[in-house]
Structures are given as structure tokens and as C-alpha cells.
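> Numbering (this note's numbering), first residue to last: 75 to 441.
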Ligand SMILES: Cc1ncc(COP(=O)(O)O)c(C=O)c1O
């Protein structure tokens with residue numbers, strides 16, 4: 075049996091509806107921002123429950139711009155978690171700031187108990203990540219940030235549809251970023267990103283900044299860049315958004331089936347604790363496994379496309395050399411890098427495939 079990690083051919087097997095919408099766009103010639111982007115931004119803001127949504131070209135761009143919108147400048151420090159995708163940290167560097175890492179907890183999320191100790195006079199933002207579609211303890215993050223008067227920028231890139239006690243990921247911080255990369259829960263046909271905020275001033279800055287600082291074609295208010303959401307991606311994103319609640323529910327069902335199927339194997343493979351009140355979007359179904367590398371090879375040999383996110387932590391990557399971190403600085407993150415694996419649990423996985431994955435894992439540990 076095959077259990078594929080990438081599901082895009084299945085998700086977009088039926089495209090006629092998308093093509094109809096795209097024909098309408100092409101007929102208008104509105105290829106730079108315009109009504110299709112505006113309509114999508116409004117729809118996304120309503121879904122998340124915020125005042126403003128600002129479309130960007132990528133999630134990475136959304137993060138860089140969000141950091142700028144909260145006032146991060148060259149020389150500042152931004153606190154984030156050591157286990158994330160490189161884009162979180164690359165965005166901090168691109169904004170001119172210095173990434174300051176804290177270790178993660180056993181749910182693979184930022185260890186909120188370590189944040190206060192990392193704050194210095196140079197800290198200008200805290201950047202928690204909803205890693206893999208799962209949320210850290212956002213109430214605690216916000217309490218620490220508020221106590222020190224430091225703005226929070228959520229990296230909610232993988233987490234459209236995730237909630238904490240009914241409140242959506244991306245509604246806690248001052249300015250927050252989502253990705254619409256093809257393997258995110260809300261995905262488009264290429265790259266796409268979106269920033270959300272309730273802050274009118276930040277939204278005004280972002281609408282100018284992503285579009286060269288232009289008020290109109292003849293008036294440039296601030297220095298800016300070109301990092302706009304493409305209208306055809308707004309059209310695609312709008313249709314996918316209609317399906318997001320349903321697809322997240324299927325991911326939750328699959329994750330629950332996997333969790334149940336792995337019961338009894340805790341000595342070998344363990345999914346993280348799942349606090350009541352959190353709904354994960356399961357961009358990644360992560361677990362910690364004994365003899366991880368061997369297990370991943372075994373799964374792949376049996377047709378299950380297991381992955382590793384990621385085997386080398388960012389503070390030990392060559393690009394991070396100048397940050398001065400060393401092996402041993404983030405022991406939880408480093409241990410997880412040796413033990414973590416990702417199993418396919420997306421909306422196109424069915425119950426038979428889940429049962430098959432569980433049986434392959436049981437066979438591996440019974441050998
Ligand atoms: C945690 C995290 N941050 C940032 C990004 C960057 O998003 P993008 O690929 O849209 O630039 C991603 C995904 O790729 C991600 O998983």
C-alpha cells in the first residue's frame with residue numbers, strides 16, 4: 075500500500091471551478107492587487123476574526139514585514155524557538171535583527187518558561203511559532219510579553235485552522251503571519267502569504283510597505299518593497315478557504331486514529347501531549363521515535379512516505395555560525411532532532427492507510 079506525503083494531485087484533481095474563477099480574473103486584467111486580492115483579504119480576515127488581512131507573496135515575506143510593522147530594526151533582538159523551519163529565523167535576520175533562541179518543550183513548541191530569561195534591553199519582539207500546526211501556550215507567551223511591554227509576532231505560517239480554547243492561531247500577537255505554501259492547510263498554486271492584525275496603524279503601514287510605499291502611482295509615502303499577493307493566488311486561496319474547516323477536521327480525525335493506533339507502543343514511539351482546548355491543524359503529524367532513522371527507512375520501504383522535520387537544528391546550521399551557539403545549548407531541541415519523525419495524516423489519508431501505517435510501525439518494533 076502507498077501512503078503519500080504529498081496530496082496536491084488529489085486535492086486539485088477537480089479544477090473546473092477554479093478555472094471558472096480564474097477566467098473572471100483574466101477578463102478584468104486586474105493582475106496587481108485589485109478587487110480579487112481585496113475580496114480574499116476580507117474573507118480571510120472574517121475567517122480568522124481580525125480587522126485586517128494583508129496578502130503577501132510568501133509566508134517568509136509576511137514574517138519579515140510583520141517584524142518591521144512592530145518596529146524591529148537592525149541591531150534589535152527577537153526571541154524565537156530553536157526548532158522551527160529556517161524561514162522563521164531567516165525572516166528575523168532579513169529584518170536586520172539578531173535571533174535569540176530558547177529551547178522547545180516536549181510538545182515541540184517554544185518552552186514558555188524560558189522566554190523571560192532570554193529578554194534583554196535589546197529585545198524588540200517575541201516570535202512564537204505554531205510549529206507543525208500546533209499552538210504553544212499562547213496565554214503564557216502573551217502574559218510574559220505584556221509584562222515586559224514587548225510586542226508578539228506569531229509565526230502562524232503552518233496553522234490556518236488551529237485554535238487555542240476556541241481562539242484562532244494568529245489572533246494573539248500584534249501582527250501575525252500565515253503561509254499559503256502548497257503543503258500548508260490553506261494552500262495556493264505556488265507561494266502565498268498573509269498577515270493579520272487588529273492594529274489600524276500596522277495595517278496602514280503594511281498596505282503601503284508591501285507595495286513600494288505607494289499611496290497611488292504618483293505619491294510614495296514611505297520606502298517599501300514589492301511583496302504583494304498575486305491575484306490568481308487570491309482566487310485559488312478563496313476557494314480553498316471554503317474547504318479549510320472540513321479538511322482540518324479530517325486531519326484531526328486522522329491524528330486521533332494514529333494516536334489511538336500507537337497506544338501501547340509508548341516505549342518506542344510517542345506523539346506529544348495534546349492539551350484539551352487546543353485544536354491542531356496537523357500541518358505535520360509529529361512523534362518521537364526510538365531508532366528513528368531505521369524506522370523512517372522501514373516505513374519508506376513499505377510505501378509510507380515518512381519525513382523528518384528536521385534532523386539538524388537551526389543553531390547548528392552553517393548559516394547560524396555567527397550567532398555563536400554551540401551543540402548542547404538547546405538540549406531538548408537537539409534530542410528531538412535525533413528522534414522526531416512526521417507521518418502522513420493529511421485530509422486525503424483514509425482509515426485503511428492509517429491502519430496500515432500503524433501495522434508497519436508495530437511490525438518494525440516487534441522485530
Ligand atoms: C514555521 C514556518 N515559518 C515560516 C514558513 C515560511 O513560509 P513560506 O514557505 O510561505 O515562505 C513556513 C513554511 O514554509 C513554516 O513552516
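Note that the Cβ used here is the ideal one computed from N, Cα and C, for glycine as well.
If you follow the beta strand (DSSP E) that residue 415 is in, where does it begin and where does it stop?
414 to 417
> Check for me: the beta strand (DSSP E) holding residue 288 runs from which residue to which?
288 to 290
> Leaving aside the five residues before and after residue 215 along the sequence, list all residues of the same chain whose C-beta is less than 8 Å from its C-beta, in chain order.
Within the same chain, residue 215 has close Cβ partners 184, 186, 189, 200, 202, 226 and 246.
> Are the beta-carbon atoms of residue 309 and residue 259 separated by less than 8 Å?
no
> What runs of the beta strand (DSSP E), each 3 residues or longer, lie entirely inside the segment 117 to 193?
Complete beta strand (DSSP E) runs here, min 3: 126 to 130, 151 to 155 and 172 to 176.
> Starting from the C-beta of residue 113, find all residues in its chain whose C-beta is less than 8 Å away, skip the five residues before and the five after it, and write them out in chain order.
308 and 312
> In whole angstroms, give me the CA-to-CA distance for residue 255 and residue 207.
Each residue's alpha carbon lies about 13 Å from the other.
> Anyone know if the C-beta pair for residue 325 and residue 107 falls short of 8 Å?
no
> Looking only at C-alpha atoms, which of 297, 394 and 424 sits nearest to residue 161?
394
> I'd like to confirm something about residue 297: is its beta-carbon nearer than 7 Å to some heavy atom of ligand 1, or not?
no
> If I follow the unbroken beta strand (DSSP E) through residue 252, where does it start and stop?
249 to 253
> In terms of residue numbering, what span does the alpha helix (DSSP H) encompassing residue 434 cover?
Secondary structure note for residue 434: its alpha helix (DSSP H) is the uninterrupted segment 425 to 440.
> Can you list, in chain order, the residues of its chain with a C-beta nearer than 8 Å to that of residue 371? Leave out the 5 residues immediately preceding and following it.
none
> Can you tell me the Cβ-Cβ gap for residue 427 and residue 212, rounded? I've got them flagged as a contact below 8 Å.
Not quite, the Cβ-Cβ distance comes to about 32 Å (not below 8 Å), so this is no contact.
> Between the segment 329 to 341 and the segment 123 to 139, can you find at least three pairs of beta-carbon atoms closer than 8 Å?
no
> I'd like to confirm the pairing. Which residues does DSSP put opposite residue 242 in its beta bridges?
237
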